[in-house]
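Numbering (our numbering), first residue to last: 337 to 1011.
Here the structure comes first, spelled out in structure tokens, and everything after it is commentary.
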Amino acid sequence: MTNHYRKGLIELLGVLEFRSNNSAHRPVIDALDLVQRYAKAGNTTYYPLGEVAPEHRGTNGQWAELVHREDRRGQRRVVRMVYEVATLQALREQLRCKEVWVVGAGRWCNPDEDLPTDFEARRVEHYRELRKPLRAQEFIDQLRKEMTGALADLDQALPELDWVEIKERAAGAIKFTAPEAQEEPRNLRRIKAEVGRRWSAVPLIDMLKEAVLRTGCLKAVASVAGAGNLPEEVLAERLMLAIHAYGTNTGIRSVAGGAHGHTEEEIRYTRRRYLTLEAARQIAVEIANATFAARDSGLWGAGSTAVASDSTHFRSWDQNLFTEWHSRYGGRGVLVYWHVERGSVVVHSQALRASASEVAAMVEGAIRHGTTMSVEGNYVDSHGQSEIGFGITRLLNVDLLPRIKQINRVKLYRPVSGEPGAYPNLAAAMTRPIRWDVIDANYDQVIKYATAIRTGTASTEAILSRFTRAASHPAYQAMLEVGRAQKTVFVARYLRDRALAREIEEGLNVVEAWNRANAVIYYGKGGEISTNRREEVEMAALCLRILQASLVFVNTLMLQAVLAEPQWSSLARPGRPTWADPAVLGPRPPVRRGETRPRLPPSDRRRRPGWPGLSIRTTPARAVSRTAALTRPQRVLSDGQSTTLGGPDDGHRDRSWVRVRLAGPQGEPSSRPGG
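This is how it looks when you write it as structure tokens:
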């Protein structure tokens, strides 16, 4: 720590007031007082002999030998600079889990303020909303019964299961073979070829325009930002240009270079005045709801209640305060966390720091997505297998369905104590019993935290930040025990039920296909977020979500238009999809000049009131280029003529055409397991 940063940091600590609700963490606050008292003591190496330096977690362990040193006279002294560093590190850890908090802060406020203030007065109502019994013993009995049944079923079925083996081994007791890849549906290629023959490569801006006109989603802008004085058709065109500029990362200046009559200043004004974060979020929700409503239940089945969630890493500038280094992705940037239902409709998105809790993001999207979908299950990658994640989702009635990493080392907890001979086939993977007494003693407290997440009195990340391994909160221990019990139930189901393992793989394939599509759509500036403002980062993520939602909406209509015809409807077998995922993009040859593509399905095709002169139409002979043509959206004028909204076509060597690889509601897995 240089003298410059040290001086500024200590002055900052003098302005802030730190407190703790736990007396065990008082030594950290006392140590901060000591650091501030000797902040201007010059280059003294040690604290004075008569000064007592409070001992805390940061000064113990590996730091102990550095904090304490013998001086020239052989006396044991406290090294001032090392003590400051150890104290600041301890402060950082305690702030993260809110064992120490800051008076008057927002994110780092008193953790008691995160809890609902009316919990005691509305206790019965809150328990009813969470569908939890008022008595802790009833909750424990139900969970213990589920554990007993799941373990008994696995123990009984294990000898007949050829994909799982449990026995003592150095690498871990459980040996599990991943599900094999499913065969491609027989009629998939025929249906894809027919859709390609009819529509070929539709420009992305036309898909956005189609979604806007059919759903009326831009009404959300007026409801959030006000109608203003702009004519609706002008406002709609400028909003679509701004969404396209942010969602493709080409920028407003690039999009404004076309012959469409809208200047860069006009588009920027429309972005600032109308396209707020809340408006963009509402547009995405409206398109998602319209997709759900437009689906033919005979083709897509009943509405899905499960989503798949995962993050995408976007590179960003070092100067961006939101930028952090991510060890898993191996680079600097930010994360965007997606929730995508099995039919490829995105229902929620969040811009996160690289160090943010993905478990908190998963919970936040599952319970606060804002669409008409009812989320009851969440497929998640290996980051979601944490015990605290299982605990909080159990309380919030969301079935957590993760892909288990290193399943060979997973341990199964016992539902009761005193029965070492129970489940003999699982003995090698069994461990200690669940501590039901801890859950019983803190049941009301964990329900209070779950209520805070459900009602939104605090963010999920703020609540879960208390439940870290650095925390000693009793509710954390109770939540862990609930999570261990729920994880045992899930792992027992996962090992026994082959269909469940395949279902999770299929669900995760959908969100992974979504991530691959992001790289194609968000192609501008090499896919790097080139802004230092957090609001701009969030707007880019939301506009990318809008473009993807529009893509899936239009592809759904295309698929249904083909499969509605008798010669094609006979190919769709009930219970087995014959198409793939609407979110995945791939190459396709361009349409030859002079050829035409058929119009989209005529259902609900009409001019919107207040949108004079705008019709739904695509360019007959110009597909979209991956590197340049996405900046050439089409504007349909009142006389039916199409003009270019982007830059000129000359001079672009890349002619790699982008099209939509169509897909279906069940999210068929790729050619390899886990792909």
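Each residue gets a CB set at the ideal place from its N, CA and C atoms; glycine is no exception.
This structure is a prediction, so every number in the text was calculated from the model and none was measured.
Residue i, buried or exposed, once every other Cβ within 10 Å from all chains shown has been counted against 16
i       : result
Ala-855 : exposed
Pro-379 : The residue you asked about is not Pro; residue 379 is Asn in the sequence shown. Counting Cβ neighbours within 10 Å, Asn-379 comes out exposed, since fewer than 16 surround it.
Thr-599 : exposed
Gln-618 : buried
Gly-350 : exposed
Pro-760 : exposed
Leu-608 : Going by the sequence as given, residue 608 is Arg instead of Leu. Looking at its Cβ environment, which holds fewer than 16 other Cβ atoms inside 10 Å, Arg-608 is exposed.
Thr-979 : For Thr-979, the pLDDT reaches just 30, beneath the cut-off of 50, and the residue's location in the model is therefore unreliable, although a value from the coordinates is still provided. Exposed is the call here.
Leu-575 : buried
Arg-881 : buried
Gln-398 : exposed
Gln-742 : exposed
Gln-473 : exposed
Ser-633 : exposed
Residue of the options minimising C-alpha distance to residue i
i       : options                            : result
Leu-487 : Asp-833, Gly-597, Leu-549, Arg-802 : Asp-833
Val-388 : Leu-368, Val-825, Ile-603, Trp-399 : Leu-368
Lys-343 : Gln-372, Met-766, Gln-822          : Gln-372
Ala-876 : Arg-651, Ser-801, Thr-793, Pro-810 : Arg-651
Ala-764 : His-662, Val-847, Glu-501          : Glu-501
Arg-413 : Val-436, Gly-394, Leu-385, Lys-434 : Leu-385
Gly-442 : Pro-810, Leu-831, Thr-793          : Thr-793
His-705 : Ala-690, His-719, Gln-686, Ile-865 : Gln-686
Asp-489 : Glu-755, Arg-464, Tyr-830, Ala-638 : Tyr-830
Gly-725 : Gly-410, Thr-796, Thr-484, Val-888 : Thr-796
Gly-583 : Gly-757, Ile-740, Gly-860          : Gly-860
Arg-668 : Ala-642, His-649, Val-676          : His-649
Tyr-419 : Gln-411, His-392, Lys-434, Arg-409 : His-392
Glu-712 : Ser-753, His-719, Val-699          : Val-699
Glu-864 : Asp-654, Thr-707, Gly-485          : Asp-654
Phe-354 : Thr-395, Glu-435, Val-421, Tyr-382 : Glu-435
Arg-550 : Leu-907, Ser-906, Leu-895, Val-890 : Val-890
Pro-515 : Val-847, Leu-497, Ser-753          : Leu-497
Those residues which DSSP pairs with residue i across a bridge
i       : result
Tyr-382 : Val-415
Ala-687 : Val-672
Asn-714 : Val-643, Leu-736
Glu-660 : Gly-669
Ile-865 : Ser-652
Inter-residue Cα distance where the pair is residue i and residue j
i        : j       : result
Ile-603  : Ile-527 : 40 angstroms
Val-364  : Val-818 : 31 angstroms
Glu-872  : Thr-606 : 15 angstroms
Lys-511  : Ala-626 : 44 angstroms
Lys-747  : Thr-513 : 17 angstroms
Ala-1084 : Asn-446 : Residue coverage of the chain in this structure runs from 337 to 1011, which leaves residue 1084 outside it and unanswerable.
Ala-537  : Ile-857 : 14 angstroms
Asn-845  : Ala-426 : 41 angstroms
Pro-902  : Trp-535 : 19 angstroms
Asp-780  : Leu-554 : 44 angstroms
Pro-567  : Val-888 : 29 angstroms
Thr-612  : Ala-624 : 19 angstroms
Arg-933  : Ile-541 : Summary for Arg-933: the model assigns pLDDT 41, below 50, so the residue's position carries little reliability; its value from the coordinates is reported in the next sentence. The straight-line gap from Cα to Cα measures roughly 16 angstroms.
Asp-407  : Leu-431 : 33 angstroms
Leu-479  : Arg-467 : 14 angstroms
Val-438  : Arg-428 : 12 angstroms
Ile-346  : Val-827 : 49 angstroms
Trp-904  : Ser-680 : 22 angstroms
Ala-849  : Arg-838 : 16 angstroms
Gly-639  : Met-815 : 32 angstroms
Ile-775  : Ile-476 : 8 angstroms
Ala-422  : Thr-729 : 36 angstroms
Residue i - containing beta strand (DSSP E), residue span
i       : result
Lys-511 : 510 to 512
Thr-892 : Unbroken run through Thr-892 is the alpha helix (DSSP H), 870 to 899; no beta strand (DSSP E).
Asp-646 : 642 to 650
Asn-761 : No beta strand (DSSP E) contains Asn-761, which DSSP labels as neither H nor E.
Pro-769 : 766 to 769
Glu-406 : 404 to 406
Leu-748 : 748 to 750
Limits of the alpha helix (DSSP H) - the one that residue i falls within
i       : result
Gln-398 : Counting along the chain, Gln-398 falls outside any alpha helix (DSSP H), and DSSP gives it neither H nor E.
Ile-743 : First-last for Ile-743: undefined, no H or E at that position.
Arg-730 : 723 to 731
Tyr-605 : 600 to 609
Tyr-374 : Where Tyr-374 is concerned, there is no enclosing alpha helix (DSSP H), given that its DSSP letter is neither H nor E.
Met-815 : 810 to 832
Leu-451 : Unbroken run through Leu-451: none, as it is neither H nor E.
Val-570 : 568 to 584
Glu-501 : That residue, Glu-501, is in no alpha helix (DSSP H); its beta strand (DSSP E) goes 500 to 502.
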